[in-house]
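Participant: Below you will find the structure I want to go over with you.
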Amino acid sequence: MLQIKVEADTITFNAAISACKDAEWEKALTLFSLMAPSEQDINTITFNTSINACEKGSVWLKALQLASCLAQSSLKCDLTTCNTAMSACEKGRKWEKVLRLSSVMALSWMDFDAMTYTASIGACQGYSRWGNALRLLQVLAQNCGESNTITYNATISACAEGGEWE
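Under our numbering, residues 17 to 182 are what the sequence shown spells out, in order.
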């Protein structure tokens, strides 16, 4: 039988982290931690795939911790980093964290996209923040011009949960 040895590098680790499914966020973080002491080059993609694993696993705090580590490193946070961390917080019903992240993004002159606005709008659900959701939808239309069914559904849900469905 043919045996092939493959040396693990950044790309292999990133692919392995990305392959982790919803409930396997702990495996993703284990792979991430294996990279640090082994002189592998951790990059923004490594952080983003790990944050994404946490988002899929509904562990918003771990996602925020990774985003914070990235922000404090010599690497740069990008739109994917922020959007994925925001989505994790939105799934965890931590609307104040989502809005804080969007403020940080605005202060760093990072451009928002439809996903950024959708996560922010989704965070308004259940907290009587329907006015914020409508304003965000309006800003999205002005700045990006692109909305989708998910964005509209999140806005409608925020309005309905706030008692403003008419």
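Each residue gets a CB set at the ideal place from its N, CA and C atoms; glycine is no exception. Computed from a predicted model, the values in this text were never measured in an experiment.
So Glu71 and Ala44 are supposed to be a Cβ contact under 8 angstroms. How far apart are they, rounded?
Facilitator: Actually they do not touch by this definition, with Cβ atoms about 11 angstroms apart.
Participant: Could you please give the first and the last residue of the uninterrupted alpha helix (DSSP H) stretch that includes Cys36?
Facilitator: Careful: Cys36 lies outside any alpha helix (DSSP H) and carries neither H nor E.
Participant: Quick one, which of Ile172, Asn30, Ser66, Cys85 has its alpha-carbon nearest Asp38's?
Facilitator: Closest option to Asp38, Cα to Cα, is Ser66.
Participant: How is the alpha helix (DSSP H) around Arg151 delimited, first residue to last?
Facilitator: Counting along the chain, the alpha helix (DSSP H) containing Arg151 begins and ends at 146-159.
Participant: Quick one: grab the DSSP three-state call for Asn99.
Facilitator: Helix at Asn99.
Participant: Which word fits Thr46, buried or exposed, when buried means at least 16 other C-beta atoms lie within 10 angstroms of its C-beta?
Facilitator: Answer is exposed; the Cβ neighbour count stays below 16.
Participant: Note down the Cα distance separating Met102 from Glu23, rounded to an integer number of angstroms.
Facilitator: Looking at the two C-alpha atoms, the distance is approximately 34 angstroms.
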